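Below is one structure, written out as structure tokens; comments come after it.
Protein chains: 2
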Amino acid sequence: MTMKYSRQRAAILSYLQSRKDHPTAESIYLSVKEEFPNISLGTVYRNLNQLAEAGMIAKHSFGALGIDRFDYNTSPHYHFICNCCNAVIDLPLENDAFSVIDVQASEGFDGLIREHCLYFCGMCKNCLNRQAE
Amino acid sequence: MTMKYSRQRAAILSYLQSRKDHPTAESIYLSVKEEFPNISLGTVYRNLNQLAEAGMIAKHSFGALGIDRFDYNTSPHYHFICNCCNAVIDLPLENDAFSVIDVQASEGFDGLIREHCLYFCGMCKNCLNRQAE
DNA sequence: TATAATAACAGTAATCATTACTGATTTTTT
DNA sequence: AAAAAATCAGTAATGATTACTGTTATTATA
Numbered sequence: 001m002t003m004k005y006s007r008q009r010a011a012i013l014s015y016l017q018s019r020k021d022h023p024t025a026e027s028i029y030l031s032v033k034e035e036f037p038n039i040s041l042g043t044v045y046r047n048l049n050q051l052a053e054a055g056m057i058a059k060h061s062f063g064a065l066g067i068d069r070f071d072y073n074t075s076p077h078y079h080f081i082c083n084c085c086n087a088v089i090d091l092p093l094e095n096d097a098f099s100v101i102d103v104q105a106s107e108g109f110d111g112l113i114r115e116h117c118l119y120f121c122g123m124c125k126n127c128l129n130r131q132a133e
Numbered sequence: 134m135t136m137k138y139s140r141q142r143a144a145i146l147s148y149l150q151s152r153k154d155h156p157t158a159e160s161i162y163l164s165v166k167e168e169f170p171n172i173s174l175g176t177v178y179r180n181l182n183q184l185a186e187a188g189m190i191a192k193h194s195f196g197a198l199g200i201d202r203f204d205y206n207t208s209p210h211y212h213f214i215c216n217c218c219n220a221v222i223d224l225p226l227e228n229d230a231f232s233v234i235d236v237q238a239s240e241g242f243d244g245l246i247r248e249h250c251l252y253f254c255g256m257c258k259n260c261l262n263r264q265a266e
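First to last, the protein sequences are chains Z and A.
Letter 49 of the first sequence, counting from 1, is numbered 49 in the working numbering, and no numbers are missing.
Letter 106 of the second sequence, counting from 1, is numbered 239 in the working numbering, and no numbers are missing.
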């Protein structure tokens, strides 16, 4: 099934490109709705999945959140989730600090490890400040 | 709200203690149902959450699965998820290999990191063998 | 040991994110 | 320009989980 151009999909991709906060399908829907008042939430979901399938965006399913987040940045990197405001923030780690993580895990395990999922939880800077007031 | 004894909760806890495969609420329900034919799925969920809240069991929400898994083993340890059969298997890691992981992540981040979630994905031994046939 | 207080129950309805369906509309190809 | 096919908007369905309600089991009190 070849991918045909659509204005809605282009708008979704363009919006995602402009954000660094890993928006949800719902918030993408609300934003794109300003340009396309008739767009349907189902259309947003369908296109997000299509784009993720094509490797053009990343879909993150953090168990701690329960709601999927989407990311224009497809290069492998880690995330921090604020337990207070549910913000998802990029977290830079030493490049090779965890490049050996799968190899290391494989040593004590008799299956095939293909990848890992790692994210951090706590309180973001904003919430820490707000709490200190 | 003090916790009052209940035969259903005792059965749920006892069943969980006997398993190492991190069962779902649904499968716990089906098993406990053999002893308590009238038990309700809602009762299973309510008690599992209560036990998790009390720190007597662990609730794991792996984004890769979408369904919660429950664990009698509350000591911190890591898991492997088979993308083929969805099995959740304990994965032993060198004790101190990742004890510094939160500290290391904190270095490049200006929020407060309290914990992390790490799990591995791939293909388990059984599925590898089945595939080789 | 009766009884009063209340947590827990079974059964069922509601929630919420996400996916599937359908007839109409765009986009692309011929 | 017209045919073929992907995409759409709108809506219904799904599936895991939670909330509600009148009844029952457990615990505390007299």
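A virtual CB, placed ideally from N, CA and C, is assigned to each residue, including glycine.
Predicted, not measured: the structure shown is a model, and the values here were computed from it.
Query	Result
Cβ of Ile89 (chain Z) within 9 Å of any chain A Cβ	yes
Contact set between His116 (chain Z) and chain A, taken where Cβ atoms lie within less than 8 Å	Leu251, Tyr252, Phe253, Cys254
Cβ neighbours of Ser106 (chain Z) in the same chain (closer than 6 Å, five flanking residues each side left out)	Ile113
When A:Asn216, A:Asn259, A:Cys260 are compared against Phe253 (chain A), the one with the closest alpha-carbon	A:Asn216
Collapsed DSSP secondary structure at Glu248 (chain A) in the structure displayed	strand
With 16 other Cβ atoms within 10 Å as the buried cut-off, status of Pro37 (chain Z)	exposed
Counterpart residues of Ile89 (chain Z) in DSSP-defined beta bridges	Z:Phe80
Residue-chain proximity (Ile246 (chain A), chain Z), Cβ-Cβ < 9 Å	yes
Ala54 (chain Z) classed as buried or exposed, judged by whether at least 16 other C-beta atoms fall within 10 angstroms	exposed
Enclosing alpha helix (DSSP H) for Asp235 (chain A) [first to last residue]	234 to 239
Arg46 (chain Z) in three-state terms, based on DSSP	helix
Proximal chain Z residues relative to Leu261 (chain A), where beta-carbon distance stays under 7 Å	Gly111, Leu112
Chain-ordered residues of the region 58 to 70 of chain Z with a beta carbon less than 9 Å from chain A	His60, Ser61, Phe62, Gly63, Ala64, Leu65, Gly66, Asp68
Test: Gln183 (chain A) CB closer than 9 Å to a CB of chain Z	no
Pairwise C-alpha distance: Thr2 (chain Z) and Met189 (chain A)	51 Å
Endpoints, beta strand (DSSP E) assigned at Ala58 (chain Z)	58 to 60
When A:Ala265, A:Cys257, A:Gln183, A:Ile200 are compared against Tyr138 (chain A), the one with the closest alpha-carbon	A:Gln183
Gln150 (chain A) and Tyr205 (chain A) closer than 9 Å at C-beta	yes
Any chain A beta carbon closer than 9 Å to Ala54 (chain Z)	no
Cutoff 9 Å: Lys258 (chain A) Cβ touching any chain Z Cβ	yes
Integer Cβ distance of Gly241 (chain A) from Leu93 (chain Z), believed to fall under 8 Å	7 Å
Nonlocal neighbours in the same chain, by C-beta distance under 6 Å from Val44 (chain Z), ignoring five residues either side	Ala25, Ile28, Tyr29
Where Asp235 (chain A) meets chain Z, residues with beta-carbon distance less than 9 Å	Phe120, Gly122
Whole-angstrom distance between Glu35 (chain Z) and Lys153 (chain A), CA atom to CA atom	52 Å
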